[in-house]
Amino acid sequence: MKNRILVGVKDPDVSRSAVLWAAERAASRDLGLSLVHIVDEGIRRAGSQDLLQATGSAVERVLTASAELARSVASGVDISTDSVEGNPLTELVARSAEVDMVVVGSDASANGASRHGTRGFRIAAASTTPVAVIPGLDPRGRKGIVVGVDGSEGSRHAFAFAADEAERLGEELVAVYAWPNPVVYGYDLAFPVDYVEDLTETGHEAITRAIEWVSADHPSLNVRRVVSQGDPVTILNGEAANASLVVVGSHGRGAVARFLLGSVSHGVLARLGAPTVIAR
Numbered sequence: 001m002k003n004r005i006l007v008g009v010k011d012p013d014v015s016r017s018a019v020l021w022a023a024e025r026a027a028s029r030d031l032g033l034s035l036v037h038i039v040d041e042g043i044r045r046a047g048s049q050d051l052l053q054a055t056g057s058a059v060e061r062v063l064t065a066s067a068e069l070a071r072s073v074a075s076g077v078d079i080s081t082d083s084v085e086g087n088p089l090t091e092l093v094a095r096s097a098e099v100d101m102v103v104v105g106s107d108a109s110a111n112g113a114s115r116h117g118t119r120g121f122r123i124a125a126a127s128t129t130p131v132a133v134i135p136g137l138d139p140r141g142r143k144g145i146v147v148g149v150d151g152s153e154g155s156r157h158a159f160a161f162a163a164d165e166a167e168r169l170g171e172e173l174v175a176v177y178a179w180p181n182p183v184v185y186g187y188d189l190a191f192p193v194d195y196v197e198d199l200t201e202t203g204h205e206a207i208t209r210a211i212e213w214v215s216a217d218h219p220s221l222n223v224r225r226v227v228s229q230g231d232p233v234t235i236l237n238g239e240a241a242n243a244s245l246v247v248v249g250s251h252g253r254g255a256v257a258r259f260l261l262g263s264v265s266h267g268v269l270a271r272l273g274a275p276t277v278i279a280r
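Read in order, the letters of the sequence shown correspond to residues 1 to 280 in full-length UniProt numbering.
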């Protein structure tokens with residue numbers, strides 16, 4: 001079922017931005033849109049028929065409202081709805097192999113507080129396809145695609161995804177390479193000047209290689225480089241404050257590592273400053 005975007009619909013307030021973002025993306029890329037609500041299997045185990053009926057009615061209302069919301073911005077998109085019992089993480093990850101992207105909402109605030117805990121982290125870590133985590137932010141006035149670069153395979157995938165988005169939207173691509181201050185026994189230390197110069201050169205080289213890697217497909221990218229000493233998460237989130245999208249890579253490799261996010265990707269998701277994609 002490729003050529004579709006899957007949206008995990010839960011709390012209508014949290015899901016609203018995710019549904020709108022996914023619907024607009026589906027319309028711009030001629031993709032279908034699948035809205036799925038996953039009902040906790042514990043509700044059936046509770047054994048209350050009244051609770052089951054009430055839950056079923058509530059789910060139907062949420063899916064109907066979400067589909068109507070999607071059609072309001074993407075009337076020509078093929079939109080399907082579905083509800084299934086199970087574990088949200090397990091079900092969304094299982095379905096990720098059948099779609100081009102998984103989209104979930106987030107109620108995370110600027111300080112990282114969220115009623116939904118680590119659901120977005122875990123889905124992003126385990127999914128086999130890119131995952132977009134969409135906070136409830138006003139998209140108006142936001143410009144620029146921010147991407148984290150560190151020279152890894154994961155960051156190459158992120159850069160390719162971000163370059164495609166920047167070209168499609170006609171926006172600036174902001175490539176961020178950052179390294180933290182060294183810490184010894186709890187104290188911040190300063191790098192020697194020549195070492196900082198070497199790290200700065202390494203950062204520019206990593207961005208240059210990333211640009212060269214995508215240049216055949218995106219020859220006219222408008223790239224702004226941010227090469228800086230400091231906490232990578234803080235610097236990325238600073239650039240994200242007015243960006244339309246942030247893209248970071250996943251370090252997932254193998255059966256175990258695939259369920260872990262890199263510390264930078266995890267940190268960016270913990271304090272969403274913009275719609276954020278974990279690329280694969």
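Built from N, CA and C at the ideal position, the CB exists for glycine as well. The model shown is predicted, which means the values in this text are computed figures rather than measured ones.
For residue i, count neighbouring Cβ atoms within 10 angstroms of its own Cβ and tell me buried if that reaches 16, exposed if not.
i	result
residue 81	buried
residue 173	buried
residue 237	buried
residue 150	buried
residue 168	exposed
residue 14	buried
residue 92	buried
residue 130	buried
residue 277	buried
residue 220	exposed
residue 98	exposed
residue 253	The predicted position of residue 253 is uncertain, since its pLDDT is 38 and thus under 50; a value taken from the coordinates is nonetheless stated next. When all chains shown are included, residue 253 counts as exposed.
Just verifying my parser: in three-state terms, what is the DSSP assignment at residue i?
i	result
residue 200	helix
residue 9	coil
residue 37	strand
residue 131	strand
residue 17	helix
residue 111	For residue 111, the predicted model reports a pLDDT of 48, less than 50, meaning its position is unreliable and no value from the coordinates is stated.
residue 102	strand
residue 60	helix
residue 272	coil
residue 77	coil
residue 141	coil
residue 265	helix
residue 171	coil
residue 66	helix
Taking 9 Å as the cut-off, decide whether the C-beta atoms of residue i and residue j are in contact.
i	j	result
residue 148	residue 246	yes
residue 78	residue 33	yes
residue 69	residue 83	no
residue 35	residue 73	no
residue 280	residue 127	yes
residue 210	residue 175	yes
residue 17	residue 134	yes
residue 144	residue 244	yes
residue 40	residue 105	no
residue 268	residue 226	no
Strictly by DSSP, which residues pair up with residue i?
i	result
residue 4	32
residue 90	Beta-bridge pairing links residue 90 to no other residue.
residue 148	176
residue 249	279
residue 82	36
Original post:
Going along the chain, which unbroken runs of the beta strand (DSSP E) with 3 or more residues stay wholly within the region 207-238?
Top reply: Listed in chain order, they are 223-229.
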